[in-house]
Every structure is written in structure tokens, then in C-alpha cells.
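A.B. asks: This is the structure I want to talk about, given as C-alpha cells.
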Amino acid sequence: MGSVGSCYLSEKDQLGEVCTRHGNKLGVCTRFFIPKHRFIMWLFIQGQLLTQDRLSRMGIIYGNCCFLCGLEEESHTHLFFLCVYSRVCVQMVARWFGVQFPLNGPTDWWLRMRSTSIAKKQVIGLALASLFYRLWGVRNTAWVESFVVCPRKLCNEIRDVVLSRIRVCNVGSVCSRVRVWLKELHSRGCV
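Each residue of the sequence shown is one higher than the one before, starting from 4 at the first, in our numbering.
And the structure:
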């Protein structure tokens, strides 16, 4: 059994293929995406994250209650879209962007964003991938340490990641309307 890093490197060719086939539709394969966020998003798209429902079917664990809310069976759909904790986080990030993510999946949201500029889609996609990455991390921390970080803190961490990634990737070549939107994002906090 290898580390996540070795798994990422061994699956890099497959990831590239998925990015070519599906990633452009979902915005997963842009220069904005942090590789570890892209990898978790790829695992999510493939349905390969080891959520409790999968581990239970494999006979590895016998309980199957969500570590974040404790209310329902943990699955990909529940963890990222139906869990009370995740819904609060998704809504906070969506309010920061001034958009409304549908809570039934990223593809539906992406289709609604068709008329949005490419730069905005990439930045919002980065936030969505960062959110998935952090939710997966919070879930794992809850499993191991029985501790769940406050949604506001998590969303502010996502905000900081997105804003720093925008600076690193130098999005200065975007139109003035998008530049104004980016400045607004910088001045707003997650609430």
C-alpha cells in the first residue's frame, strides 16, 4: 500500500486521460488547480474515494454513519452534497462568489454556468475543487481525531487558497469585468 503521492504519480497517465475526456467539461484540468486538489476531484469524479459505504461493501469496516453530521450513511453524494456540514460549507463558498451551487452535483452546476466567462469558471472551479479537498480532509480528521473544524474557518481557508492561487497564476490577462469581479472577491469574506 503506497502513499497518496505515489498513487498520484502511478495514476498520472489515467488522470491526464480523464482530464482530456471529462475534465474540460468540469474545469478540473486548468492551470489554476492545485495538483492534490485535482487528484481528489478526479477520485470523486471516478467514484473512487474510500467513503464508508465503499469500505463497508469491501468488509473493511462495519459502521457507516457520516463522521461530519452523524445523521446518515456516508457516500460520495452524501459527503459532498447532502451532509448538513457540507451543505453549510457549499452555501458559504457560493455566497462568497455570489452564485448558487445546486446541491446535487458539480456537473449540473457547471451546465448552468455555460454563459459565464472561462476565467470565472476556472476560479469557481478552483474553489469547488478546494472545497472537495478540504471536506475530504475534514472528514478524515473527524474519523481519526473525532474533531470537526468550524465551517466558517474551513471556508476562509478555501478563500485564502483561491486568492493566493489567483495571484500565483497571474490572471492579469482577463477582461476588465472579470478583474473587477476578482477585486470584489478579494474584499469579501466567506459568511
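We put the CB at the ideal spot given by N, CA and C, even for glycine.
1) Report all residues from its chain with a CB closer than 8 Å to the CB of Gln1; omit the five preceding and five following residues, and keep chain order.
2) To the nearest angstrom, report how far apart Ile63 and Arg41 are at their CA atoms.
3) Using the C-alpha atoms, what's the distance from Gly192 back to Arg195?
4) Span of the alpha helix (DSSP H) holding Met44?
5) By DSSP's criteria, Cys172 is part of a beta bridge. Which residues make up the other side?
6) By Cβ distance below 6 Å, which residues in the same chain neighbour Ser59 in space, the five residues on each side in sequence not counted?
7) Express the C-alpha separation of Cys69 and Trp99 in angstroms, rounding to a whole number.
8) Go through its chain and collect everything with a Cβ distance to Val164's Cβ below 6 Å, but skip five positions before and after it.
9) Specify, as a first and last residue, the run of the alpha helix (DSSP H) that Thr144 falls within.
10) Ordered along the chain, which non-local residues of its own chain (more than five positions away) have a Cβ less than 6 Å from that of Gln55?
11) Could you tell me which residues DSSP puts in a beta bridge with Glu77?
12) Secondary structure at Cys158, three-state DSSP: helix, strand or coil?
13) How is Trp193 classed by DSSP in three states: helix, strand or coil?
14) At which residues does the alpha helix (DSSP H) containing Leu58 begin and terminate?
15) Taking only the alpha-carbon atoms, compute the straight-line gap between Glu160 and Tyr65 and give it to the nearest angstrom.
16) Which value, in whole angstroms, describes the spacing of the CA atoms of His189 and Ile127?
17) Rank Ile43, Lys123 and Phe84 by C-alpha distance to the C-alpha of Leu166 and give the top, closest one.
18) Let me know the secondary structure DSSP gives Cys92 once reduced to three states.
19) Who are the Cβ neighbours of Cys92 in its own chain at under 7 Å, not counting the five residues just before and after it?
C.D. replies: Well, looking at it:
1) Residue numbering for the chain in the displayed model covers 4 to 194; residue 1 lies beyond these limits and cannot be assessed.
2) Counting only the Cα atoms, Arg41 lies some 27 Å from Ile63.
3) With the chain represented from 4 up to 194, any question about residue 195 goes unanswered, as that position is not in the structure.
4) Secondary structure note for Met44: its alpha helix (DSSP H) is the uninterrupted segment Pro38 to Gln49.
5) Answer is none; Cys172 lacks a bridge partner.
6) The residues Asn67, in chain order, have a CB closer than 6 Å to that of Ser59 in the same chain once the five nearest residues on each side in sequence are set aside.
7) 26 Å
8) Ser133
9) In this chain, the alpha helix (DSSP H) harbouring Thr144 covers Ile121 to Glu148.
10) Asn67 and Glu77
11) Residue pairing by DSSP places Glu77 opposite no residue, since no beta bridge is assigned to it.
12) helix
13) The residue you asked about is not Trp; residue 193 is Cys in the sequence shown. If DSSP states are grouped into helix, strand and coil, Cys193 belongs with coil.
14) Gln55 to Arg60
15) 33 Å
16) 13 Å
17) Lys123
18) Cys92: helix per DSSP, three-state reduction.
19) Leu134, Leu138, Pro154, Leu157 and Cys158
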